[in-house]
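Since the structure comes first, as structure tokens, the remarks are kept for the end.
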Ligand SMILES: [Zn+2]
Ligand SMILES: [Zn+2]
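Residue numbers (our numbering): 31 to 365.
Okay, structure coming up:
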């Protein structure tokens, strides 16, 4: 009798920080309890994936499958799964939270100390199959294809949380105009805010891109804002933008740092913070954010610009994100 072949799936695995991803054939996992197995239809690439590769986060396991913007269909479900086989869902960065700590009990599961994060603590979506906790998967809005839905799961969602933290702003500055900013600029425009896009000095292509998705003004981050802003969101991982953004906002304005990692913030005079300006970060997401943002995405709707690459080219996709050469969001699809 020929040996029985265990069914396998292909995963792109980070075995070593900074090294290229390794292709692995792994046995198909079994969904237990609340788990589901998702067949990946699209997985968007995020700057955070690079922070994991570069060990810029103070957490994470190796080996790990990156990717926390996973659109997939349920192919098998554990006995306690809240999803059915065949459903299309999104798996975001928040892979699980304890549900019982003070943070979880007060609507701040994004700050749960026992949370696990997809593509960092547990395997993510740079693979044909992904094991997920069904309770942390998000329903996706209609009207978006698999590829278009994927960037909503972090770029859109974290951008949305940052936009909320920015408070009511009729003049909103966005520093770093990539994956998240191109989505959130459209949401802000939908809310009748004027968007001011700040890019690396001399990045004329980036500035043109920002205007093409609705920015009222686009210019160099090192230069002054054309008028005082009500709030600014910093998507770039560059700490030197913090004093520049504080300088650009009016008294009482807010500067939100939306990235999970940022280079050191240079010293700056207290006068930049004075006048009741606020400086804050945004960390992770809650499932409530997810539900609210997906409803909003259905209403806007958002024009999601993507550059699609096959899963086998995950390294190339990471490199494109690293060099800022993606117009919109890089998205992996099964080969
Ligand atoms: Zn908790
Ligand atoms: Zn992300």
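The beta carbon of each residue, even a glycine, is placed where N, CA and C say it ideally should be.
Using a threshold of 7 Å, is the CB atom of residue 214 nearer than that to any non-hydrogen atom of ligand 2? No.
Does the Cβ of residue 73 lie closer than 7 Å to at least one heavy atom of ligand 2? no
Excluding five sequence neighbours on each side, which residues of the same chain lie with their C-beta closer than 7 Å to the C-beta of residue 116? 103 and 104
Using three-state DSSP, classify residue 44 as helix, strand or coil. It is a strand residue.
Do residue 129 and ligand 1 come close, with the Cβ less than 7 Å from some heavy atom? yes
Residue closest to residue 283, alpha-carbon to alpha-carbon, out of 110, 237, 184 and 203: 203
Can you say whether residue 158 is buried or exposed, counting buried as having 16 or more other CB atoms within 10 angstroms of its CB? The residue in question, residue 158, is buried, as its Cβ has 16 or more Cβ neighbours within 10 Å.
Give me whichever residues DSSP pairs with residue 393 in a beta bridge. Residue coverage of the chain in this structure runs from 31 to 365, which leaves residue 393 outside it and unanswerable.
From 364, 355 and 348, residue whose alpha carbon lies closest to that of residue 49: Taking each of 364, 355 and 348 in turn and checking the Cα distance to residue 49, the smallest one comes out for 348.
Rounded C-alpha distance that separates residue 243 from residue 215: 7 Å
Just verifying my parser: in three-state terms, what is the DSSP assignment at residue 261? Secondary structure at residue 261: strand, using DSSP grouped into helix, strand and coil.
Quick one, are the C-beta atoms of residue 111 and residue 164 less than 8 Å apart? Residue 111 is a Cβ neighbour of residue 164, given a cutoff of 8 Å.
To the nearest angstrom, how far is it from the Cα of residue 91 to the Cα of residue 151? Looking at the two C-alpha atoms, the distance is approximately 6 Å.
Can you determine whether any heavy atom of ligand 2 sits closer than 7 Å to the C-beta of residue 78, and answer yes or no? yes
How far does the alpha helix (DSSP H) with residue 179 in it reach, from first residue to last? 176-179
CB contact flag (residue 178, residue 36, <8 Å): No, they are not a contact pair.
On the CB-based measure, 16 or more other CB atoms within 10 Å of its CB, does residue 198 come out buried or exposed? exposed
I want to know whether the segment 312-326 touches the segment 283-295 - three or more CB-CB distances under 8 Å. Taking 8 Å as the limit for Cβ pairs, the verdict is that the segment 283-295 does touch the segment 312-326.
Pair every Cβ in the segment 67-80 with every Cβ in the segment 348-357, then say whether three or more of these pairs are closer than 8 Å. yes
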